[in-house]
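Reviewing the structure listed below.
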Amino acid sequence: MTYRLPCTDCGAPTPTKRPKPRRCDPCAKAEALDYSRWHYRTFRDEMLEYHRNHYRKNRKRILAKRAARRTAKVQSAVNNETARRRSSAATATSPGRLGRRSTARSTSGAHDERPNHR
Ligand SMILES: [Zn+2]
Numbered sequence: 100m101t102y103r104l105p106c107t108d109c110g111a112p113t114p115t116k117r118p119k120p121r122r123c124d125p126c127a128k129a130e131a132l133d134y135s136r137w138h139y140r141t142f143r144d145e146m147l148e149y150h151r152n153h154y155r156k157n158r159k160r161i162l163a164k165r166a167a168r169r170t171a172k173v174q175s176a177v178n179n180e181t182a183r184r185r186s187s188a189a190t191a192t193s194p195g196r197l198g199r200r201s202t203a204r205s206t207s208g209a210h211d212e213r214p215n216h217r
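Just remember that the numbering used here sits 99 ahead of the position in the sequence shown, which is counted from 1.
As structure tokens, then:
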């Protein structure tokens, strides 16, 4: 059973499962947003200082981690490229496909099924 009771803040009719009035969703959301804004404003300086100190303390480690991520990304891109070359070379050298090489390449380019192809 659902009740339709007025919102305790703005009085808009609100469906609720319990026989008690509650706030409507927009009112609850507004308060949450207000609270998060207040929280951010209040602790912003503290938080920024904390992160600055954290960065200062762990600078080397953070930079090393970033560099590692970057090389991993580049390496995976290189691997993808190599795999693509290898697969296209395999199709090109496979028997019976030699005459249709350019056609095959153009169609494979038209619907590439790999999701993270860039
Ligand atoms: Zn309301």
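Glycine residues also receive a C-beta, built at the ideal position from the N, C-alpha and C atoms.
This one's a predicted model, so the numbers in the text were calculated from it and none came from an experiment.
Beta strand (DSSP E) segment containing residue i, residue limits
i: residue 118; result: It is not in any beta strand (DSSP E) - residue 118 carries neither H nor E in the DSSP assignment.
Chain-order list of residues whose beta-carbon lies under 6 angstroms from that of residue i (same chain, five-residue window excluded)
i: residue 114; result: 101 and 103
i: residue 171; result: none
Proximal residues to residue i (C-beta, below 8 angstroms), its chain only, five neighbours per side dropped
i: residue 154; result: 161
i: residue 143; result: none
i: residue 120; result: 104, 105, 106, 107 and 113
Residues near residue i by beta carbon distance below 7 angstroms, same chain, minus five either side
i: residue 112; result: 103 and 105
i: residue 118; result: 102
Integer-rounded CB distance, given that residue j should sit under 8 angstroms from residue i
i: residue 122; j: residue 141; result: The pair is not a contact, with the Cβ atoms about 24 angstroms apart (cut-off 8 angstroms).
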